[in-house]
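Student:
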């Protein structure tokens, strides 16, 4: 199997998976605990507009080029900050803000791209292409991973305390508003950076699924973090190997590898009596 | 002057507004060292707001809050935590115990956490996840968290809400233990007038402003309560429902 991986493209793809997989798993843990899974989904889908704007304004012509990456990073950060501002300043529920931001941005992106004559490749943005990662991309992703890891390690106590009770966090001297905005920027940055490799439709799953799988079997927060990083890493590596072996699209295969981990974790969780979704006699749907 | 020296908390003419509404008007009272003071009043009367203003969670419009206590512990109103959060009790307590900026688990803070849990009879909960705890157990852990830095004054916001009768009774014992044996000064918001009658030295009855303040046998009188509540409240049972027993029968 490893012979198949001996091409520069696959080597770089593997490096991206090894570096980004655990980082997305770690970030996903906090995203799921804070109930922000759809937030990351909305940012990644809104990036379609970023692609359209990048091309229309002649800021970037190549979907996979460094110019487009910069446009996507800036656009994702702006969309993330806009949604965070709307959460804060309006009485609308978070899911409502996400729904109109998401569909509005996708609609605008599709219209923009449809007006660009001679430009047809939406597929690359939707599904990404990890095999097109350059050496520069690998280094950039490594730098991003160091930043994410440093942020999470330095703010782990604050992020966790906010999940338990915001008043306790405030009393502990945590500036919740600043932390929320920084966290939103971090999510947007990760999505903007990795969108070209992992795709607008898939990236959110790659962030959330390892965390969901780890929750099914974890008996502590520390365990959830470590398992989520491990699932992100293993699913990325196995997904790339499987896609090379079976000649399947790489991004979707990585997502399916993650889903396979989730199914196994759910089964294991059921056997071990852990990770139940319902603990108190009410179902998740009752909360909707 | 002697009374002033013993005072842990002195509130004078406190006014708190939320948006354009005056939630608290001219609140004045004092909590002395070792006292158990209960705050009662109707829903929306500003009881929780008072506690939040005292710990600095809400800005005050005017007035003076003089805190002589070195450390103030605060237990917010919360019944349970989302099942998606796998945080264990030892991990939660270590968020406060660990002085390192970079946190990655309870590590050596477990010993201190265990001692504190033993003090309040909750050592058996050490390795449980917060989301698995009952309402009463979770409240105990929130109290343990508040006690970690050895406060002189403990503020509790309706800790009995949602507890079943058994949980309520054991909780009653815990409050007695903290006040009588450890000598903790306590200011507690409660709807449970039966509990208030049993545990408190002083009762502060508020509905935006102070309606009455004094020992429980003076404050918990039908005429005082009906004035503050707008009707005569019944006793609140452990599950938070009114039991419709006139307060007068207690006396």
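Protein chains in written order, with our numbering: chain A, -12 to 275; chain B, 1246 to 1496.
Note that CB positions come from ideal geometry on N, CA and C, so glycine has one too.
1) Within its chain, find whatever has a CB closer than 7 Å to the CB of residue 211 of chain A; leave out the 5 residues flanking it on each side and keep chain order.
2) With respect to 7 Å, is the separation between the Cβ of residue 1457 of chain B and the closest non-hydrogen atom of the ligand SAM below this value?
3) Does residue 1389 of chain B get closer than 8 Å to chain A when you measure Cβ to Cβ?
4) For the beta strand (DSSP E) containing residue 1318 of chain B, name the first residue and the last one.
5) Using the Cβ count rule (16 or more neighbours within 10 Å means buried), how would you classify residue 237 of chain A?
6) Decide if the segment 36 to 44 of chain A is in contact with the segment 136 to 152 of chain A; the criterion is three or more beta carbon pairs, one per stretch, under 8 Å apart.
7) Per DSSP, residue 1312 of chain B is paired with what?
8) Where does the unbroken beta strand (DSSP E) through residue 1400 of chain B begin, and where does it stop?
9) Keeping to the same chain, check which residues put their C-beta closer than 6 Å to that of residue 1457 of chain B; ignore five residues upstream and five downstream.
10) Check distances from the C-beta atoms of the segment 1332 to 1347 of chain B to those of chain A and list, in chain order, the residues that come in under 8 Å.
11) Quick check on the DSSP output: the alpha helix (DSSP H) that includes residue 96 of chain A runs from which residue to which?
12) Return no unless some Cβ of chain B is closer than 8 Å to the Cβ of residue 45 of chain A.
13) Are the segment 1367 to 1379 of chain B and the segment 1322 to 1336 of chain B in contact at 8 Å, needing three or more beta carbon pairs?
14) At 8 Å on the CB atoms, spell out the chain A contacts of residue 1253 of chain B, in chain order.
15) Within the 8 Å Cβ cut-off, does residue 1300 of chain B reach chain A?
16) Any beta carbon of chain A sitting closer than 8 Å to that of residue 1323 of chain B?
17) Determine, for residue 140 of chain A, whether the minimum Cβ-Cβ distance to residues of chain B falls below 8 Å.
18) Tell me whether residue 1266 of chain B sits in a helix, a strand or coil according to DSSP, three-state version.
19) DSSP state of residue 223 of chain A, grouped into three classes?
20) Straight-line CA distance for residue 1490 of chain B to residue 1467 of chain B?
21) If you measure from the beta carbon of residue 154 of chain A to each beta carbon in chain B, is any gap under 8 Å?
22) Under 8 Å, Cβ to Cβ, is there at least one residue of chain B near residue 36 of chain A?
23) Which chain A residues are close to residue 1350 of chain B, counting only those with a beta carbon under 7 Å from its beta carbon?
24) With burial defined as no fewer than 16 other Cβ atoms inside 10 Å of the residue's Cβ, what is the status of residue 1421 of chain B: buried or exposed?
25) Is residue 1294 of chain B buried or exposed, if buried means 16 or more other CB atoms sit within 10 Å of its CB?
26) So who's on the other strand from residue 1512 of chain B, going by DSSP bridges?
27) Helix, strand or coil for residue 1392 of chain B? Go by DSSP, reduced to three states.
28) Could you check whether the Cβ of residue 1326 of chain B sits closer than 8 Å to any Cβ belonging to chain A?
29) Would you mind sorting residue 1353 of chain B into buried or exposed? The rule is 16 or more other CB atoms within 10 Å of its CB.
30) Can you grab the Cα-Cα spacing for the pair residue 50 of chain A / residue 193 of chain A, in whole Å?
31) Taking only the alpha-carbon atoms, compute the straight-line gap between residue 1460 of chain B and residue 1280 of chain B and give it to the nearest angstrom.
32) Say whether chain B places a C-beta atom closer than 8 Å to the C-beta of residue 195 of chain A.
33) Looking at residue 195 of chain A and residue 18 of chain A, is the spacing between their C-beta atoms short of 8 Å?
34) Between the alpha carbons of residue 233 of chain A and residue 227 of chain A, how many angstroms are there, rounded?
35) In chain A, which residues lie less than 7 Å from residue 1329 of chain B when you measure between Cβ atoms?
36) Mind listing the chain A neighbours of residue 1319 of chain B? Cutoff is C-beta to C-beta under 9 Å, in chain order.
Tutor: Reading it off the structure:
1) 16, 201, 202, 205
2) The ligand SAM is absent from the structure shown, which contains no ligands of any kind.
3) no
4) 1317 to 1320
5) buried
6) no
7) B:1254
8) 1398 to 1402
9) 1450, 1464, 1469
10) 1332, 1333, 1336, 1337, 1340, 1341, 1343, 1346, 1347
11) 81 to 102
12) no
13) yes
14) None at all; the shortest Cβ gap to chain A is about 18 Å.
15) yes
16) yes
17) yes
18) strand
19) helix
20) In this prediction, residue 1490 of chain B has a pLDDT of 42, which is less than 50 and means its spatial position is unreliable; what the coordinates show is noted afterwards. Distance between the alpha carbons of residue 1490 of chain B and residue 1467 of chain B: 11 Å.
21) yes
22) no
23) 209
24) exposed
25) buried
26) Any answer about residue 1512 of chain B is impossible in this case: the structure gives chain B only from 1246 up to 1496.
27) helix
28) yes
29) exposed
30) 21 Å
31) 11 Å
32) no
33) yes
34) 10 Å
35) 19, 20, 202
36) 154, 155, 158
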